[in-house]
Structures are given as C-alpha cells and as structure tokens.
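Step one of this worksheet: look at the structure below.
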Amino acid sequence: MVRVRFSSGAHFALWTGTLGAGVYWYDRHYQASSLIRTCRTLYHDAAIIADYKWNFQPDKADRIDSLHTRVAQRILHVCQKNNGLYIKLGQAIALYSTVLPPQYNEIFKVLYDRAPNVPYHEIQQVFLREFGHSPEELFAIFEREPVASASVAQVHRAQMKPDPVTGEAPWVAVKIQKPAIAKQLEWDLSVIRFVVWGLEKAFDLPLLWSMEYTNQHLRQEVDFVNEAHNADQARALLAQDTHLARHLYIPKVYWELTRPTVLTAEWIDGMPMSEVVMSPPQRSFYTPAQIMDTIVSTFAQQIFVNGLVHCDPHPGNLLLRPHPQDPRTYQVVLIDHGLYIRESETFRTDYCQLWKSIYLMDRDTIGRICHRWGVGDSDMMASFTLLRPFTQQQRHRPLHLKATVSKEEIYAMQLSLKERVHQFLLNTELFPRELIFVGRNMNMVRALNKAMGAPVNRTNIMANYAAKGLGSNWGAWSYITPASRSTKFPLRSLVDWLIFVVKTRFSFYSFRLNLWVISVVFYFHQAWERVMQWAIHRPAKNFEQLMDESLLRTLEDQLGYKVDISFLDA
C-alpha cells in the first residue's frame with residue numbers, strides 16, 4: 001500500500017516537473033520569459049503589500065525608514081530582472097518621486113545606466129522579418145556593435161548605398177527594437193495595470209486613473225513608424241519659427257528603410273548635452289545661455305503654441321554641434337521622437353491661461369481652471385506648474401523644522417500624505433492626462449537648465465510662450481467679453497467696450513511688467529553671486545537652485561513631509 005502511494009506521488013511529481021519544465025522552456029524561448037516575469041512581479045507585489053500592511057504601524061514607527069528602503073530595493077530588483085518596460089516603470093518612479101520617501105529616488109537612479117545589448121543574430125532576424133533582407137544587403141556598411149542601447153531598442157551606425165544619381169552615401173542611425181519587446185508589451189502592460197489596481201485597493205490611493213493614457217502612449221512609443229511621423233511633424237512645425245529653425249535641428253527620416261520595429265534616420269555627429277554639462281567643448285561656438293534659450297524656447301513652443309510635445313527631452317536626446325552652414329555658431333539636435341503627446345485645444349488654451357494667471361496672481365482664474373481639472377489645491381497646482389513656489393502662506397510648522405521630532409510624528413505625517421493626495425485629486429475623471437507628460441517635459445528641462453548653471457530665466461521664457469499661445473484675441477486676457485453694439489443704448493455699449501479695453505490692456509501690461517521685474521531679479525541675482533564668488537570665494541548658487549530650495553520649503557510646508565531635494569534632478 002505504501003509502495004503504491006509512493007509510486008503515485010512519484011508519477012505526479014514526474015508529470016508535474018515535466019509539465020513545469022516544458023512551460024518554462026516554451027515561455028523562455030517563444031514568449032520572451034513573459035510568464036516568468038509576470039510571476040516575479042506578482043510575487044514581489046504581494047510581498048510589498050504585506051510588508052507595508054504589517055510593518056507600517058504606529059508601534060513600528062522607528063523602523064519606517066528601513067521599510068521604505070527594503071521596498072524600494074525589492075521594486076528595483078523586479079525592474080532590473082524583468083528589463084524592458086519595467087526599466088521605464090522604474091525611471092518613472094525616480095522621476096516622480098516628489099511625494100515618495102527619499103530612499104526611492106536614491107535607489108532608482110541606477111536605472112538610468114545603459115541597458116544591455118541584444119546579440120547581432122537577433123538583429124538580423126528583425127531585418128529579415130521586416131524587409132526580407134539582412135542589414136548587409138540593405139546598407140553599404142552596417143556596424144554590428146551598437147552605439148547606444150536603451151530599454152526597448154538599440155542604435156547601430158550604418159552607411160547607405162550610393163545614390164545612383166548623386167553618388168551620395170550618407171551615414172545613418174538605425175534604431176532597432178529589441179525582439180522581446182513585441183512579445184512582452186501587452187503582457188507587461190496588463191500585469192502592471194493589475195499591480196496598480198491592487199495597490200490602489202490595498203492603500204486607498206488614486207493610482208489607476210492615469211494607466212490607460214500612459215499605456216496608450218507606451219504602445220505608440222514602440223511603433224517606430226509613429227516615431228518617424230512625430231519627427232516629420234515636429235520638424236514642419238519648428239520651421240514656422242525661423243529663429244528656432246536655425247538653431248534647432250531634427251534629423252531626416254529615411255522612409256524606405258523604416259518599419260514598425262526599425263527606424264533609419266540621418267546620422268548626426270554631436271555631443272550629448274549630458275557630456276556638455278560635464279565637460280564643455282573647448283571651441284567657443286556657443287554660450288550656455290544661447291543653448292538653453294534654444295532648448296527652453298523649443299519645448300515652450302511645443303507646449304503652448306503647437307500642442308505636439310516631445311515628452312522625453314533628457315540630456316541624452318539633445319546633441320550639440322557647430323552649425324553645418326556656419327561653424328561660428330551652434331545647433332542643437334533633438335532626437336528620439338517616440339514619446340509624444342498631442343494636446344487637445346481645450347487643454348492647450350487652459351494651460352496658457354493658467355500660466356498667465358499665475359504671473360498675474362489671478363487666484364479666481366486659477367481656481368476656475370483647477371476646478372475644471374478636478375484639482376482641489378490650486379496653490380500646490382501652481383507650484384508644480386512653475387516648479388517654483390507660488391505661495392509662502394504657512395499652514396502648519398513642518399515636523400522637520402521642529403527642535404525634536406518623534407518617530408510617531410513622522411509616521412502620522414506620512415500617513416496624512418494620503419489624505420493630501422485625495423484632496424489634490426478631487427476628481428480624477430476631470431484631471432487632464434496631458435499634464436502627466438507635460439510635467440515630465442518641464443522637469444527635465446528645468447534639471448538641464450540647473451545643471452548648465454541656470455544661464456536663462458526658464459519660467460519667463462515659458463510664460464512668454466504661454467502669452468503667445470493665447471494668440472491675438474484680447475478676450476483671453478479678461479473674463480469680461482466686449483458687449484455687442486446696441487443701436488438702442490449706444491452710450492452703454494460704448495462704456496462696456498471701453499471697460500473691456502481698459503481691463504484687457506491693464507491685464508496684458510501687468511503681465512509684461514511682472515516678467516520684466518522677474519528678469520531684473522534674475523540678472524541681479526546672477527551679478528550678486530558672481531561678486532560674492534569673487535569677493536569671498538563662495539560657490540555660486542544659480543537661480544534654479546534658489547527656486548528649488550524655495551519650492552521644497554513650500555512643499556514641505558504644505559505636505560508636512562521632508563522632501564529630498566535630489567528628486568528634482570531625477
């Protein structure tokens with residue numbers, strides 16, 4: 001009897017093991033380990049929820065910091081092991097770690113390092129599937145070693161075959177999607193959505209509302225035909241501004257060698273802005289102020305005027321080179337056009353109005369816009385919009401400013417942060433999804449300006465473009481509309497019209513005066529810092545650093561939570 005039971009158990013174990021091995025082999029070789037990655041994600045998600053539910057308690061307040069560190073390291077482990085879209089997820093956590101404990105930002109910085117390459121034989125398979133030819137058959141020269149590798153694609157340098165008419169054989173950048181991405185994409189998006197749903201239910205936080213919009217744009221980002229269209233449209237819109245078109249360049253796309261997983265574009269020899277920040281070129285064909293004016297103006301035009309916005313302007317996607325037609329000056333090259341949003345006209349106009357109203361301290365208009373967007377805290381919204389403090393009104397003394405702070409008080413304030421999030425996002429159905437990526441763009445531009453020494457007044461440049469985005473309609477400068485002329489009461493109509501003219505012009509010139517005053521403060525600060533650096537050898541503090549510190553004081557005052565200044569440079 002015992003022998004039979006053992007035999008049945010052995011048979012069960014054998015069949016189970018064989019089935020498991022078969023599923024593992026199939027998943028690894030045909031599904032790019034999607035099932036394994038999913039199991040890993042769900043296991044660690046359950047562990048994180050249990051860890052917080054069990055250990056985030058008043059009687060364990062002295063261990064909260066180690067809890068945050070442990071959870072952040074667990075999430076990092078999942079992102080690094082799963083690779084692909086999970087790297088982007090981890091980068092998003094690092095970028096938007098405003099209201100997260102500082103451990104998250106510090107731990108997730110490593111995700112900005114270069115991603116691993118895929119072997120060349122897999123690249124060949126991509127070309128055979130898309131073109132029916134190998135890279136060597138399509139190009140005169142194709143360098144097998146990639147020059148760059150990211151989470152979803154890698155870039156190879158190649159030379160086109162000579163043109164039969166002109167004889168030209170330009171060098172090109174060939175961006176190739178990693179083969180596993182196509183198999184993993186929908187699976188990963190579904191799993192991440194499920195995880196976010198679980199976190200929302202477990203912790204009663206509004207998390208799921210942005211997932212569909214974000215997923216939609218992630219799908220577009222891995223479609224290289226869509227990226228090519230984005231590049232062409234952005235180039236056409238840029239050409240409408242002659243000044244920007246001279247100093248900002250978008251590489252040409254070679255459509256005959258572009259497919260959903262392969263993008264071929266003009267090769268550009270330039271220095272990434274990440275390297276310019278660390279070791280500026282010796283040749284004086286530019287000044288930092290010129291470069292940053294071009295970069296800030298380009299993205300301000302996209303956000304406030306055109307409505308077609310590049311949402312990944314990190315320093316690696318901006319190259320600097322001498323201008324091909326005039327080596328005495330510079331040209332900034334914008335690459336990687338996969339992640340774009342198209343703003344609705346309603347959002348674009350409202351966003352221009354929000355910036356205008358913030359500069360005019362028009363709280364009524366700010367409140368109306370925030371109400372339409374389902375935002376319950378207009379002061380915090382204004383601070384996040386400018387990435388500088390909007391109000392200095394102190395609501396309560398932050399804990400970290402007290403002489404002594406107990407672990408129980410820190411626990412209570414971190415718990416109250418959840419209520420603050422609910423207060424900020426009163427109605428997630430109304431919140432404009434465009435702000436998710438517009439905020440990403442603005443924070444990256446702010447961080448680059450800061451790294452360059454803040455040579456330009458970023459917020460003033462953007463405010464000027466916000467005014468430009470309102471167009472020539474004077475009605476945009478007042479909620480009072482000009483009364484229609486009445487033949488019955490001509491004097492009343494004339495008075496109403498004069499009131500409209502006076503109010504709109506006063507609003508416009510007050511806005512201009514505020515910009516001028518802020519410019520004076522900006523240049524005075526620059527001069528003062530140079531004097532102090534020369535006089536007492538004190539390290540200069542640039543304008544962005546000053547605004548960062550003021551913004552953090554405001555956030556800490558509003559949140560009652562100590563915010564790590566490094567999150568702004570994620």
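Residue 317 in UniProt numbering sits at position 317 of the sequence shown, and the numbers go up by one each step. Using N, Cα and C, we set each Cβ at its ideal position, and we do this for glycine too.
What are the boundary residues of the alpha helix (DSSP H) that includes L360? That residue, L360, is in no alpha helix (DSSP H); it is neither H nor E in DSSP.
Distance, I335 Cα to M160 Cα: 20 Å
Are at least three pairs of beta-carbons, each pair with one atom in the stretch 314 to 334 and one in the stretch 284 to 298, less than 8 Å apart? yes
As a quick exercise: from E221, G367, I303, N230, pick the residue whose alpha carbon is nearest that of M442. I303
Buried versus exposed, by CB contacts within 10 Å (16 or more), C39: exposed
First and last residue of the alpha helix (DSSP H) that includes L207? That residue, L207, is in no alpha helix (DSSP H); it is neither H nor E in DSSP.
How about the stretch 458 to 468 and the stretch 295 to 311: do they share at least three Cβ pairs that are nearer than 8 Å? yes
Go through its chain and collect everything with a Cβ distance to A202's Cβ below 6 Å, but skip five positions before and after it. I49
When you compare only the Cα positions, how much space is there between T69 and Y104? 7 Å
Can you name, in chain order, every residue of its own chain whose Cβ lies under 8 Å from the Cβ of L515, other than the five neighbours on each side? Y359, N460, A463, N464
Apply the 10 Å Cβ neighbour rule to K53 and answer buried if 16 or more other Cβ atoms are within range, or exposed otherwise. exposed
Hey, how far is the Cα of A180 from the Cα of S33? 9 Å
With a threshold of 8 Å between beta-carbons, can W373 be considered close to chain B, or not? No chain B is present in this structure, which holds just one protein chain.
With C-beta atoms as the reference, is V118 less than 8 Å away from Q154? yes
Give every residue of the same chain whose Cβ lies closer than 6 Å to the Cβ of W267, excluding the five residues on either side of it in the sequence, and list them in chain order. W171, V172, A173
Got a sec? Which residues, its chain only, sit under 7 Å from D312 by beta carbon, not counting five neighbours each side? D336, L339
Rounded to whole angstroms, what is the Cα-Cα separation between H396 and V502? For H396, the predicted structure reports a pLDDT of 44, less than 50, and the residue's modelled location is therefore unreliable. A value from the coordinates is still provided. Taking the straight line from one Cα to the other gives about 40 Å.
Anyone know if the C-beta pair for G307 and P272 falls short of 8 Å? no
Should N310 be labelled buried (16 or more other beta-carbon atoms within 10 Å of its own) or exposed? Before going on, a small fix: residue 310 reads as His here, not Asn. H310 comes out buried.
Among T287, R37, V191, the one whose alpha carbon lies nearest that of P322: T287
For Q325, tell me which candidate among E345, V276, H247 has the shortest Cα-Cα distance. H247
Answer yes or no: do V71 and T261 have a C-beta to C-beta separation smaller than 8 Å? no
From R37 to K178, what does the alpha carbon distance come to, in whole angstroms? 16 Å
Using beta-carbon positions only, say whether I366 and L354 come within less than 8 Å of one another. yes
If you run the structure through DSSP and keep just helix, strand and coil, what is R144? coil
Excluding sequence positions up to five away, which residues of its chain have a Cβ less than 7 Å from the Cβ of G84? S151, V152, A180, I181, Q184, D188
Beta-carbon proximity list for N230, same chain, < 6 Å, skipping 5 on both sides: H337, Y340
For E266, which residues does DSSP report across the bridge? V172
Is the distance from the Cβ of V445 to the Cβ of R458 below 8 Å? yes
Using the C-alpha atoms, what's the distance from V225 back to H217? 14 Å
Along the chain, which unbroken stretches of the alpha helix (DSSP H) at least 4 residues long are found entirely within the stretch 281 to 309? 288 to 301
Helix, strand or coil at P272 [DSSP, three-state]: strand
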